[in-house]
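Residue numbers (this note's numbering), protein chains in the order written: chain A, 232 to 709; chain U, 232 to 709; chain Z, 232 to 709. We put the CB at the ideal spot given by N, CA and C, even for glycine. Please read the structure below before turning to the comments.
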Amino acid sequence: MRSKVVAGVGLTGLVWAALTAIGIGPASAQDVADAYDRSAAVGAEAMNMVVLDNIFIFLSGVLVFLMQPGFALVEAGLTRAKNAANIMMKNIMDLCIGVLAFAVIGWGIAYPGTFNGWVGTAGLGIAGFFEGALVDISPEALVSDDFYPLAVPVDFFFQAAFAAAAATIVSGAVAGRTKFIGYLCYSAVITAFIYPIVVSWKWGAGWLDEAGFIDFAGSGLVHMTGGFAALAGAMVIGPRIAKFDNDGKARALPGHSIPLAMAGVLLLFIGWFGFNPGSQLQADMAVPIIAVLTAFAAAAGGSAAMVTSWITMRKPDVSMAGNGVLAGLVAICSGVGEMSWLGTLLTGAVAGVVVVLAVLGIERIGIDDPVGAFSVHGVCGFWGLLATGLFATTSPINGAEESAGLLYGGGAGLFLDQLVGGVAIAVFVFAAAGALFLGLKSAGLLRVSPEHEMAGLDLTEHGSPGYGPDILAAATTV
Amino acid sequence: MRSKVVAGVGLTGLVWAALTAIGIGPASAQDVADAYDRSAAVGAEAMNMVVLDNIFIFLSGVLVFLMQPGFALVEAGLTRAKNAANIMMKNIMDLCIGVLAFAVIGWGIAYPGTFNGWVGTAGLGIAGFFEGALVDISPEALVSDDFYPLAVPVDFFFQAAFAAAAATIVSGAVAGRTKFIGYLCYSAVITAFIYPIVVSWKWGAGWLDEAGFIDFAGSGLVHMTGGFAALAGAMVIGPRIAKFDNDGKARALPGHSIPLAMAGVLLLFIGWFGFNPGSQLQADMAVPIIAVLTAFAAAAGGSAAMVTSWITMRKPDVSMAGNGVLAGLVAICSGVGEMSWLGTLLTGAVAGVVVVLAVLGIERIGIDDPVGAFSVHGVCGFWGLLATGLFATTSPINGAEESAGLLYGGGAGLFLDQLVGGVAIAVFVFAAAGALFLGLKSAGLLRVSPEHEMAGLDLTEHGSPGYGPDILAAATTV
Amino acid sequence: MRSKVVAGVGLTGLVWAALTAIGIGPASAQDVADAYDRSAAVGAEAMNMVVLDNIFIFLSGVLVFLMQPGFALVEAGLTRAKNAANIMMKNIMDLCIGVLAFAVIGWGIAYPGTFNGWVGTAGLGIAGFFEGALVDISPEALVSDDFYPLAVPVDFFFQAAFAAAAATIVSGAVAGRTKFIGYLCYSAVITAFIYPIVVSWKWGAGWLDEAGFIDFAGSGLVHMTGGFAALAGAMVIGPRIAKFDNDGKARALPGHSIPLAMAGVLLLFIGWFGFNPGSQLQADMAVPIIAVLTAFAAAAGGSAAMVTSWITMRKPDVSMAGNGVLAGLVAICSGVGEMSWLGTLLTGAVAGVVVVLAVLGIERIGIDDPVGAFSVHGVCGFWGLLATGLFATTSPINGAEESAGLLYGGGAGLFLDQLVGGVAIAVFVFAAAGALFLGLKSAGLLRVSPEHEMAGLDLTEHGSPGYGPDILAAATTV
């Protein structure tokens with residue numbers, strides 16, 4: 232466990248030379264630890280700060296990974312017991328396949344770096360992020376305009392957690408009727424190609440970034456990507472057998488465990504404190520403000536959704552309130568770095584209203600999205616982009632003056648940028664994921680047989696039940 | 232995601248001037264990030280330390296928020312399946328409403344700051360904590376006697392997590408028979424007024440603080456507040472229909488899922504490592520000692536409760552052991568900063584014994600507290616205050632000499648302070664919460680009809696079941 | 232909560248003098264906080280770094296403790312509903328008893344420190360780790376060859392979390408048939424003696440450390456210890472009544488809740504980001520690399536186990552995929568500090584294949600390990616040790632040249648060291664735990680009666696059911 236630090240490299244020499252010498256970057260974590268001479272800490276304040284930045288973003292990434300059990304429990308809880316193991320399996324494999332696919336292919340596409348386009352950089356992959364395991368903290372580097380405190384491995388770790396989150400949004404929307412093999416294909420393609428391409432547009436310094444589009448933590452890049460892929464999946468695969476009667480009227484297919492689903496919502500709430508504050512990408516005094524605003528948006532979204540469901544459904548609906556919390560969190564991702572408390576509360580509250588109406592509306596037009604994935608992530612992700620256009624107090628890139636008030640009083644330029652960005656993401660993801668799901672469908676890899684659907688995917692796709700006979704009250708239900 | 236830092240403000244000029252210029256503090260998180268010139272990190276060791284303090288307390292606050300799924304699972308697991316969604320909903324809305332009510336009203340009451348009393352400062356609210364987003368780290372500030380490293384947003388974030396925890400303690404005690412609308416009213420009032428008033432007495436530098444009362448992390452301020460509000464609620468609302476037979480003898484109404492409840496206990500255990508070590512309010516070398524003592528108290532409490540239940544109930548009871556872990560954690564909050572390992576083990580072990588006896592005794596006198604909220608948080612919170620009086624190795628404010636031993640050998644002054652503080656909190660909270668619940672009762676907002684109680688609150692209050700028919704073995708049970 | 236820092240001690244005087252003056256180290260956490268003069272932070276970069284190290288390892292320890300709900304849910308979910316409360320209780324008491332036993336006895340054995348052998352140092356125990364609450368950060372200390380940044384309390388906290396993890400591995404292997412009192416005896420002995428003796432061999436600078444054995448985060452020391460104790464337990468206690476038919480053919484006894492089990496797997500995945508990166512024992516730039524490699528191993532293990540189960544069992548098995556994730560994580564612990572990404576992927580993928588074959592093979596030879604504890608922790612822990620011998624890019628202690636490639640091209644010396652270490656751990660733990668379980672058996676403390684086994688341990692050992700009648704579909708099942 233204890234690996235003694237070897238001294239002697241010196242503060243400015245920690246850098247790239249040693250790495251190129253061994254070809255693809257350091258051969259092991261220990262090489263990197265050795266490169267920083269911590270016994271020279273006297274006189275090395277900058278190193279302290281850079282290490283803090285990297286440790287903080289690592290811990291933020293861990294919190295983002297905590298969203299995986301959160302998503303898994305939400306989706307399992309809101310669907311039927313006979314498909315519960317299948318949902319958990321899909322989420323675990325999203326994580327496994329997502330991390331590997333993003334490492335080998337996606338990462339190079341998302342962050343083209345010094346290359347001029349994304350196509351040629353796929354080869355970066357795994358090798359790429361082991362170059363850059365150190366940060367140059369020489370005085371010259373520190374005062375340069377483009378000093379960036381994060382080493383590549385921590386950057387990758389944080390981004391891989393985001394990719395896995397984007398992928399896992401879809402599994403709930405296609406729950407209860409999808410072949411496992413088809414889902415694996417989808418999961419690999421979205422983390423290897425679809426999500427990274429969208430990311431490259433903004434965080435990879437692509438055309439949306441140049442246009443002035445703002446998406447701090449991914450209302451658009453992460454949540455709309457997951458949400459519109461979910462919509463494409465739900466539409467291509469069609470509703471569950473029992474969902475609509477012959478007149479097309481929706482039947483309620485309540486989840487098998489609201490306690491698990493709401494525990495998942497609360498874990499997602501926790502995970503979001505890695506997602507949003509960590510997107511600051513360094514440890515600074517903006518982090519706690521972002522955290523407070525994140526909590527505000529969640530609270531406003533949950534409260535507004537409760538009230539909205541009370542009005543429209545005549546009772547305060549539990550899963551709607553939970554989805555409202557998530558809707559507020561999704562919507563605030565985009566603007567949380569540029570909004571006041573007032574803009575944040577408005578963003579979250581509107582999201583809470585919108586998500587309830589969207590869930591009811593989606594069902595009315597005949598689309599079966601068992602957990603409301605598109606309404607939460609797609610619709611409220613888009614709303615978050617627009618809210619940034621409405622409420623951001625500054626619009627630095629469009630050249631508007633900084634607002635002195637709580638809400639933005641500037642021109643329509645930013646709003647238009649946000650609208651264009653949102654439409655571009657929606658169209659691209661819907662088309663790409665739609666093509667993918669149509670391809671899987673025509674290959675016979677998408678939908679299970681009606682008999683298997685009735686029997687449940689746990690038994691038919693995985694060979695053993697998600698709940699034992701000691702717990703499962705009724706082995707087969709619609 | 233990446234927001235480049237703009238240089239040029241300078242270390243001593245980061246402060247209040249810029250904030251007042253925009254009226255209510257910085258307009259956005261980004262303004263704050265910009266104010267710290269991180270490229271000037273060379274020569275800025277103090278900034279490193281202050282940023283570490285703020286990041287650490289932010290992460291501690293995240294751990295405290297992790298207590299929300301912990302409480303939710305404990306309470307849901309220990310009550311009936313037909314009310315499980317209702318319990319989860321109450322906990323989620325505690326969080327939503329608690330954060331907002333504490334922001335708008337409670338925060339200003341709890342921490343009156345430069346004002347002389349709390350009444351006039353409610354207006355601070357949301358606007359208040361966005362002033363103070365930066366910390367003055369000029370050399371003069373650093374060496375001043377009242378240097379305080381935390382920026383106001385991180386302070387608020389941490390305290391808001393505490394307020395939500397205090398509120399959520401009650402939901403288990405009134406489980407299975409409370410109208411949802413009445414619970415919402417309670418939740419808003421305790422986080423807006425009752426809890427903040429108690430906090431102002433000590434952490435807001437009020438009369439208990441001046442008297443020398445010690446409550447490091449809130450055995451009294453947080454847990455007794457939740458616990459005595461729970462007692463008032465359980466007494467005013469009365470027992471569940473099926474709880475006592477005609478002779479007044481208690482019937483066992485076992486929880487529907489011990490696995491969920493104990494998973495909740497373990498999550499609370501984790502969350503306590505934010506609650507106690509974070510209460511040090513800075514990143515220093517006392518933090519790990521506090522963590523070790525916190526684990527000791529939990530271990531002693533769980534072990535002692537197991538033994539006690541083995542003796543009194545003839546079997547080692549699972550939920551008693553879980554409550555013993557929580558009892559030890561509750562009791563050590565007060566004195567963890569001033570106790571040795573011996574005092575800690577004694578505090579935790581006694582709490583483990585006391586909680587079992589309290590749960591059995593409360594039931595015997597006809598009070599129905601389904602999850603033991605009053606016994607864990609009220610009784611063991613009080614015990615924690617007294618234990619500090621007995622075991623604290625120093626009594627700095629009362630002028631006693633520092634003890635050279637493992638336990639305090641000084642006078643009775645501190646014990647009396649702790650007793651007075653505990654009685655004051657108990658009386659005030661019980662009276663205030665009792666009045667609130669009586670008011671709700673007389674307005675017809677407190678208790679559901681017997682028919683609704685028998686059918687379960689999930690269906691009658693929220694319109695859909697907490698468990699699907701595929702899981703629920705018996706739709707209606709007592 | 233707020234404890235003002237008292238100035239005046241000075242940076243080099245923070246050390247041991249004050250501690251010896253009060254006999255057994257500082258009397259309280261507050262004494263320690265006071266000793267560091269934070270207002271002297273100007274000019275104290277080294278203190279910043281040391282505090283960051285200690286805070287980071289504290290937070291890593293919290294993540295390791297998060298493995299406790301993870302283990303509890305995996306084990307409960309994979310066994311029967313009638314024993315679910317018993318499993319949760321065993322895991323909670325592992326934590327309680329484990330922390331206390333490791334504090335009083337185990338810690339002194341594991342880390343003999345300046346003593347020459349481990350026998351005489353058991354007395355260190357609790358008193359021992361409160362000495363050393365501060366770190367000497369004088370310039371002389373910082374540049375000394377054996378500078379170690381962690382204060383003893385944080386070191387203990389982190390190690391105690393490991394001890395509790397090692398203990399809890401066994402509870403699943405003996406699930407459904409073990410007397411609770413017997414399990415408590417086991418839990419105390421493994422955390423007080425068996426695990427600490429093994430730890431002393433390597434992390435306590437014992438004979439394996441001198442031999443050049445590599446075990447960065449405990450594939451051998453932690454997981455093989457838990458895994459081989461599990462094997463001994465499962466063999467001594469014998470299979471569950473219903474497990475094998477008269478011909479010795481295994482019957483499937485599926486777990487009662489795959490969703491709970493897989494949520495546990497995901498929590499363990501999160502906890503591992505404390506386990507492995509925290510084992511670096513300081514906050515440095517190797518931490519994120521270790522995190523990335525940890526995620527890679529999990530992903531490779533989960534993917535490979537899914538494929539292997541698909542081939543051998545004709546369906547992609549959910550619990551096998553979950554066990555594959557854990558197998559990859561267990562296997563990478565040993566070499567994660569010395570491996571490239573390629574070695575890591577190979578280590579994880581082989582573990583995923585091996586765990587499926589081991590689970591099937593163990594069952595075939597008539598051993599009933601309900602959750603696969605030996606296969607995951609024992610077999611894949613051993614594989615992890617050997618993989619380090621095969622794939623480590625450096626072999627610093629054996630004098631091999633540093634490899635310039637992705638895999639180790641050196642001699643067989645390291646592989647032999649790893650093999651010897653693994654065999655030693657396996658033999659010692661299997662013998663010691665076997666003797667313990669045989670002793671418990673002969674004392675009549677090990678196995679419950681067949682009637683109790685059929686009725687379930689929740690009722691017979693703890694007096695109340697783990698699930699209420701509203702959830703339990705069939706009160707008694709095999």
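*State the CB to CB distance for the pair GLY509/Z and PHE389/Z, rounded to an integer number of angstroms; the pair is presumed to be in contact (CB under 8 angstroms).*
Yes, GLY509/Z and PHE389/Z are in contact; Cβ-Cβ is about 6 angstroms, under 8 angstroms.
*Could you tell me whether the region 281-296 of chain A touches the region 500-517 of chain A, using the rule of 3 or more Cβ pairs below 8 angstroms?*
yes
_Residue-level contact to chain U via CB, SER695/Z, 7 angstroms cutoff_ = yes
*asked:* With DSSP as the reference, identify every bridge partner of PHE475/U, one or two as the case may be.
replied: ALA481/U
*Distance between ALA392/A and VAL335/A (C-alpha atoms, nearest Å)*: Straight-line Cα distance between these residues: approximately 15 angstroms.
*Are the C-beta atoms of PRO490/U and some chain Z residue less than 7 angstroms apart?*
yes
*Measure the alpha-carbon distance for SER375/A versus ALA341/A and round it to whole angstroms.*
Note on geometry: alpha-carbon atoms of SER375/A and ALA341/A lie some 24 angstroms from one another.
*Straight-line CA distance for VAL658/U to ALA396/U?*
20 angstroms
*asked:* Is it buried or exposed, VAL654/Z, if we count other Cβ atoms within 10 angstroms and call 16 or more buried?
replied: exposed
*If we cut at 7 angstroms on Cβ distances, does ALA494/Z have a partner in chain A?*
yes
*asked:* Please tell me whether ASP440/Z and PRO380/Z are closer than 7 angstroms, where the distance is taken between their beta carbons.
replied: no
*Whose Cβ in chain U lies nearer than 8 angstroms to the Cβ of MET480/A?*
In the sequence as displayed, the identity of residue 480/A is Lys instead of Met. Within 8 angstroms Cβ-Cβ: nothing; LYS480/A doesn't reach chain U, min ~17 angstroms.
*Taking the alpha helix (DSSP H) that LYS433/U falls in, what are its first and last residues?*
426-433
*Between LEU577/Z, ARG482/Z and ILE425/Z, which lies nearest to GLY339/Z when the distance is taken from Cα to Cα?*
ILE425/Z
_Per DSSP, cross-strand counterpart(s) of THR409/A_ = Beta-bridge pairing links THR409/A to ARG678/A.
*Taking 7 angstroms as the CB-CB cut-off, is HIS487/U touching chain Z?*
yes
*Neighbour-count burial assignment, GLU692/A, 16 or more Cβ in a 10 Å radius*: buried
*For ARG311/U, go through chain Z and note every residue whose CB falls closer than 9 angstroms to its CB, in chain order.*
GLY699 and ASP701
_Against ILE336/A, what residues of chain B qualify as contacts under a CB-to-CB distance less than 9 angstroms, listed in chain order?_
Of the protein chains in this structure, namely A, U and Z, none is chain B.
*Give me the Cα-Cα distance between VAL295/A and HIS608/Z, rounded to the nearest whole angstrom.*
27 angstroms
*If we cut at 7 angstroms on Cβ distances, does PRO427/U have a partner in chain A?*
Residue contact check for PRO427/U against chain A: no CB pair falls below 7 angstroms.
*Might you give, ordered along the chain, the residues of its own chain that have their beta carbon closer than 6 angstroms to the beta carbon of LEU326/Z, omitting 5 neighbours on each side?*
GLN299 and ALA395
*Figure out for me which residue from LEU484/U, VAL429/U, LEU524/U and ALA303/U has the closest Cα to the Cα of ASP600/U.*
LEU484/U
*For the region 680-699 of chain A against the region 679-698 of chain Z, are there 3 or more C-beta pairs whose distance is under 8 angstroms?*
Result no; under three Cβ-Cβ pairs closer than 8 angstroms.
*According to the Cβ coordinates, are LEU452/Z and VAL467/Z closer than 7 angstroms?*
Going by C-beta atoms, LEU452/Z is not nearer than 7 angstroms to VAL467/Z.
*Which chain U residues sit within Cβ distance under 9 angstroms of GLU692/Z?*
LYS546 and PRO547
*Meets three-Cβ-pair contact criterion under 8 angstroms: the region 304-312 of chain U and the region 491-502 of chain U*: The region 304-312 of chain U, when compared against the region 491-502 of chain U, does touch it at the 8 angstroms Cβ threshold.
*asked:* If I follow the unbroken alpha helix (DSSP H) through GLU692/U, where does it start and stop?
replied: Looking at the DSSP string, the run of the alpha helix (DSSP H) that includes GLU692/U is 688-693.
*Thinking ALA674/Z and LEU703/A are a contact (beta carbons under 8 angstroms), I'd like their distance in whole angstroms, please.*
About 39 angstroms; that fails the 8 angstroms criterion.
*Through-space distance from GLU684/Z to LEU671/Z, alpha-carbon basis*: A straight-line Cα-Cα distance of about 18 angstroms links LEU671/Z and GLU684/Z.
*Taking ILE400/U and GLY437/U to be in contact with their CB atoms under 8 angstroms, please state how far apart those CB atoms are, rounded to whole angstroms.*
Actually they do not touch by this definition, with Cβ atoms about 22 angstroms apart.
*Got a sec, what are the start and stop residues for the alpha helix (DSSP H) SER402/A sits in?*
SER402/A -> alpha helix (DSSP H) spans 383-404.
_Beta carbon of LEU645/U nearer than 7 angstroms to that of GLY620/U_ = yes
*Which residues, taken in chain order from the region 314-333 of chain Z, show a beta carbon closer than 9 angstroms to some beta carbon of chain U?*
ALA315, ALA316, ASN317, ILE318, MET319, MET320, ASN322, ILE323, MET324, LEU326, CYS327, ILE328, GLY329, VAL330 and LEU331
_Rounded to the nearest angstrom, what separates ALA558/U and VAL587/U at their Cα positions?_
10 angstroms
*Relative to the alpha-carbon of VAL585/Z, which residue among LEU512/Z, GLY407/Z, SER571/Z and GLY612/Z has its alpha-carbon at the smallest distance?*
GLY612/Z
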